[in-house]
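> Residue numbers (the numbering used here), protein chains in the order written: chain A, 295 to 627; chain B, 7 to 234. Yeah, the Cβ is synthetic: ideal placement off N, Cα and C, and Gly gets one too.
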């Protein structure tokens, strides 16, 4: 294992110090307990948005803290949910009197810890709503699993809900928008190589040189099947098929297409994926009116990609276009 | 109640658990890497190290329930993941079940284990056979209740619980997981022991070992062997 770290125990602590040093114009960082808050938090009269989860998915979530998106992000240890204490502290720090929305990826640990924090916040008279993101279509039978996972669609939920909060929507309305985005986005991913959790020191799973894992989660958890490596176009077909069937998407739809790198994938490959995904959508009469390409929801150094398709309407498009100023997404301001 | 377990047993159990979890950190990380995300041993080690650091804050007249509550709140605030809230809730509900009792007799030990198990079920919504820590806790509770009904001592009851938890953890190996991250593996989880069931079995073995060492009645027929 080769990593740019000093001590596996200090990975998150040192990274947030660096994040604060780099982006001190946008955020303030609390170090005990650890959370990253928007510089001007709490914003009076605005619904606060808090997300979080294990570290190792950067820029999710800290990179999305700032104007028009999250008010706070709570990074846990690598691939481990934060505990309720920092979630509660972040919730209190961003409560501008209009309540706080928790955006939680559907993983058992995240759900349990955010649930506990929300209970504690309620006990302190802060109104909290929670939206669980579960956009991953790779998990087929949710009856016999912990349910679909929250993956790259999370960044779209955070951006659009953040814009709704910024324009002054109340807590119920922001929660409704976040729920709507989650309901209209579908994602599926593939891994070409595993990732190595710093304190584990060994790969989370093993893939032979010629093998890929279709339906990978953002911690290396598998989804559907392990197959031999194929050309990019064939892999895109395998990912897009289940996505388009699931909602389902239909001819005439306008969509946002997100091609998300898992951390170790060159941008040039992401654009090869985007090219074919856009072609397939066009063949089906689906128009890509908004797009996002890059590393947004990663799994450490994993090589791989996920494709997300979000069905847009006038309102969601407008909220997507609204100004945002964070470390990882920035436009219109 | 010469056999009853008091605060000395509770603190010894906590110290022993911290040591056992530390000693088995790599084993738990490896089990978790196979069917989860490889952080279980690390998280528990961090949690119980934090508990140890807080043991000195217990009042001189602390009762077992106070120490168990300290474990609960510390695990909830330091472990993260799913195991923090789940194990934390187990200790919290277990502590509530024994209340202010200074000495825990057999019935109190069974009440503690039952409430702890029910707490995990309440939070995690898992059922027996889902390949979770419940698969260690449920047979442990059943064996403890049976031993208590036979009039065994608290130490013997805990030994019976630990034996059953070990078998329960082992019995998770052929199962398909239906809760937590391992559930995404489907049939590929078969053949791997659930790390949460394994750590719960280690924790219950530590409880039995502490009882054999501090509770007086270490003379029963049940095994009180080492956790390894």
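Whole angstroms are fine: how far does the CA of residue 430 (chain A) sit from the CA of residue 443 (chain A)?
For this step, residue 443 (chain A) is matched to residue 149 along the first chain. For this step, residue 430 (chain A) is matched to residue 136 along the first chain. Computed Cα separation, rounded: 5 Å.
> Within 7 Å of any Cβ in chain B, is that where the Cβ of residue 308 (chain A) sits?
As a first step, residue 308 (chain A) is located in the first chain; it is residue number 14 there, counting from the start. Answer no: the Cβ-Cβ gap between residue 308 (chain A) and chain B never drops below 7 Å.
> Does any CB atom of chain B fall closer than 7 Å to the CB of residue 487 (chain A)?
Walking along the first chain from the start, residue 487 (chain A) turns up at place 193. Cβ-Cβ to chain B under 7 Å: no for residue 487 (chain A).
> Measuring straight from C-alpha to C-alpha, what distance separates residue 36 (chain B) and residue 46 (chain B)?
Locating residue 36 (chain B) in the second chain gives position 30, counting from the first residue. Locating residue 46 (chain B) in the second chain gives position 40, counting from the first residue. So the alpha carbons of these two residues sit roughly 9 Å apart.
> Can you tell me whether DSSP reads residue 595 (chain A) as helix, strand or coil?
As a first step, residue 595 (chain A) is located in the first chain; it is residue number 301 there, counting from the start. Coil, per DSSP.
> Would you mind working out which of B:89, B:131, B:123, B:220 sits nearest residue 54 (chain B), comparing C-alpha positions?
Taking the second chain and counting its residues from 1, one reaches residue 54 (chain B) at position 48. Among B:89, B:131, B:123, B:220, the Cα nearest to that of residue 54 (chain B) belongs to B:89.
> Since residue 205 (chain B) is in the alpha helix (DSSP H), which residue starts that stretch and which ends it?
Along the second chain, read from residue 1 onward, the residue named residue 205 (chain B) stands at position 199. Taken as a continuous stretch (DSSP letters only), the alpha helix (DSSP H) holding residue 205 (chain B) covers 201–220.
> Whose CA, out of A:555, A:522, A:523, A:482, lies closest to the CA of residue 510 (chain A)?
Indexing the first chain from 1 puts residue 510 (chain A) at position 216. Nearest C-alpha to residue 510 (chain A): A:482.
> Can you list the residues of chain B that residue 385 (chain A) reaches, using a CB-CB cut of under 9 Å?
Counting from 1 along the first chain, the entry for residue 385 (chain A) is found at position 91. Per Cβ cutoff of 9 Å: no residues; residue 385 (chain A) is ~15 Å from chain B at best.
> How big is the Cα-Cα spacing for residue 604 (chain A) and residue 309 (chain A)?
Position 310 of the first chain, counted from the first residue, corresponds to residue 604 (chain A). Position 15 of the first chain, counted from the first residue, corresponds to residue 309 (chain A). Distance between the alpha carbons of residue 604 (chain A) and residue 309 (chain A): 31 Å.
> Taking C-alpha atoms, which residue in A:387, A:461, A:418, A:476 lies nearest to residue 424 (chain A)?
Counted from its first residue, the first chain places residue 424 (chain A) at position 130. Ranked by Cα distance from residue 424 (chain A), the first of A:387, A:461, A:418, A:476 is A:476.
> Starting from the C-beta of residue 302 (chain A), find all residues in its chain whose C-beta is less than 8 Å away, skip the five residues before and the five after it, and write them out in chain order.
If you number the first chain from 1, residue 302 (chain A) lands on position 8. Within the same chain, residue 302 (chain A) has close Cβ partners 492, 493, 495.
> When Cβ atoms are compared, which residues of the segment 34–66 of chain B fall closer than 7 Å to chain D?
Any reference to chain D falls outside this structure, whose protein chains are A and B.
> In the DSSP assignment, what residue or residues form a beta bridge with residue 625 (chain A)?
For the purposes of this step, residue 625 (chain A) is taken as the residue at position 331 of the first chain. Answer is A:618.
> Does the beta carbon of residue 97 (chain B) come closer than 7 Å to any beta carbon on chain A?
Walking along the second chain from the start, residue 97 (chain B) turns up at place 91. Residue 97 (chain B) does not count as touching chain A.
> Would you report the Cα separation of residue 334 (chain A) and residue 383 (chain A), rounded to the nearest angstrom?
Mapped onto the first chain, residue 334 (chain A) falls at position 40. Mapped onto the first chain, residue 383 (chain A) falls at position 89. Cα to Cα, residue 334 (chain A) sits roughly 16 Å from residue 383 (chain A).
> Give me whichever residues DSSP pairs with residue 329 (chain A) in a beta bridge.
For the purposes of this step, residue 329 (chain A) is taken as residue 35 along the first chain, with counting starting at 1. For residue 329 (chain A), which the question treats as bridged, DSSP gives the partners A:324.
> Any beta carbon of chain A sitting closer than 7 Å to that of residue 180 (chain B)?
As a first step, residue 180 (chain B) must be located in the second chain, where it is residue number 174. Residue 180 (chain B) does not count as touching chain A.
> Can you give the beta carbon distance from residue 216 (chain B) to residue 18 (chain B), rounded, assuming they're within the 8 Å contact cut?
Along the second chain, read from residue 1 onward, the residue named residue 216 (chain B) stands at position 210. Along the second chain, read from residue 1 onward, the residue named residue 18 (chain B) stands at position 12. A Cβ-Cβ distance of about 4 Å is found for the pair residue 216 (chain B) and residue 18 (chain B), placing them in contact under the 8 Å criterion.
> Starting from residue 586 (chain A), follow its DSSP beta bridges and name the residues at the other end.
What you label residue 586 (chain A) is simply residue 292 of the first chain in a count that begins at 1. A:552, per the DSSP bridge assignment.
> Relative to the C-alpha of residue 186 (chain B), which residue among A:298, A:323, A:374, A:593 is closest?
Counting from 1 along the second chain, the entry for residue 186 (chain B) is found at position 180. Nearest C-alpha to residue 186 (chain B): A:374.
> To the nearest angstrom, how far is the alpha carbon of residue 230 (chain B) from that of residue 163 (chain B)?
The residue labelled residue 230 (chain B) in the question sits at position 224 within the second chain. The residue labelled residue 163 (chain B) in the question sits at position 157 within the second chain. Any reading at residue 230 (chain B) must be qualified, since the residue scores a pLDDT of 40, below 50, and its modelled position is unreliable; the value itself is stated next. In a straight line, the C-alpha of residue 230 (chain B) is about 11 Å away from that of residue 163 (chain B).
> Residues of chain A with CB under 8 Å from residue 191 (chain B), in chain order?
On the second chain, residue 191 (chain B) is found 185 positions in, with the first residue counted as 1. By Cβ distance, chain A contributes 515, 516.
> Please confirm if residue 173 (chain B) has its CB atom under 7 Å from at least one CB of chain A.
Along the second chain, read from residue 1 onward, the residue named residue 173 (chain B) stands at position 167. So, not an interface residue.
> Please confirm whether residue 24 (chain B) has its beta-carbon closer than 7 Å to some beta-carbon of chain A.
If you number the second chain from 1, residue 24 (chain B) lands on position 18. Not one chain A Cβ lies under 7 Å of residue 24 (chain B).
> I'd like to know whether the C-beta atoms of residue 201 (chain B) and residue 34 (chain B) end up nearer to each other than 7 Å.
Reading the second chain from its first residue, position 195 is the one you call residue 201 (chain B). Reading the second chain from its first residue, position 28 is the one you call residue 34 (chain B). Taking 7 Å as the cut-off, the beta carbon of residue 201 (chain B) is found closer than this to the beta carbon of residue 34 (chain B).
> Who does residue 396 (chain A) pair with in a DSSP beta bridge?
Position 102 of the first chain, counting from 1, holds the residue named residue 396 (chain A). Beta-bridge pairing links residue 396 (chain A) to A:344, A:424.
> Residues of chain A with CB under 8 Å from residue 237 (chain B), in chain order?
Not covered by the structure: residue 237 (chain B). The range shown for chain B is 7 to 234.
> Would you tell me roughly how many angstroms separate the C-alpha atoms of residue 532 (chain A) and residue 150 (chain B), rounded to the nearest one?
Counted from its first residue, the first chain places residue 532 (chain A) at position 238. Counted from its first residue, the second chain places residue 150 (chain B) at position 144. Going from the Cα of residue 532 (chain A) to the Cα of residue 150 (chain B) covers about 51 Å.
> What does the Cβ neighbour count give for residue 544 (chain A), buried or exposed, with the cut at 16 atoms within 10 Å?
Counting from one through the first chain, the residue named residue 544 (chain A) turns up at place 250. Residue burial is scored here from C-beta neighbours: residue 544 (chain A) has fewer than 16 other C-beta atoms within 10 angstroms and is therefore classed as exposed.
> With a threshold of 7 Å between beta carbons, is residue 345 (chain A) in contact with chain B?
Taking the first chain and counting its residues from 1, one reaches residue 345 (chain A) at position 51. The C-beta of residue 345 (chain A) comes no closer than 7 Å to any C-beta of chain B.
> Leaving aside the five residues before and after residue 304 (chain A) along the sequence, list all residues of the same chain whose C-beta is less than 7 Å from its C-beta, in chain order.
Counting from 1 along the first chain, the entry for residue 304 (chain A) is found at position 10. Nothing listed; no residue qualifies.
> Below 7 Å on C-beta distance, what does residue 511 (chain A) contact in chain B?
For the purposes of this step, residue 511 (chain A) is identified with residue 217 of the first chain, where counting begins at 1. What residue 511 (chain A) touches in chain B: 190.
> With a 10 Å radius around its C-beta and 16 neighbouring C-beta atoms as the bar for buried, classify residue 561 (chain A) as buried or exposed.
Locating residue 561 (chain A) in the first chain gives position 267, where the first residue counts as 1. Residue 561 (chain A) is exposed by the Cβ-count criterion.
> Which ranges does the alpha helix (DSSP H) cover as unbroken runs of at least 4 residues, wholly within the segment 99–156 of chain B, from first to last along the chain?
112–130, 140–155
> Would you call the segment 345–365 of chain A and the segment 392–403 of chain A in contact, with 3 or more CB pairs under 8 Å?
yes
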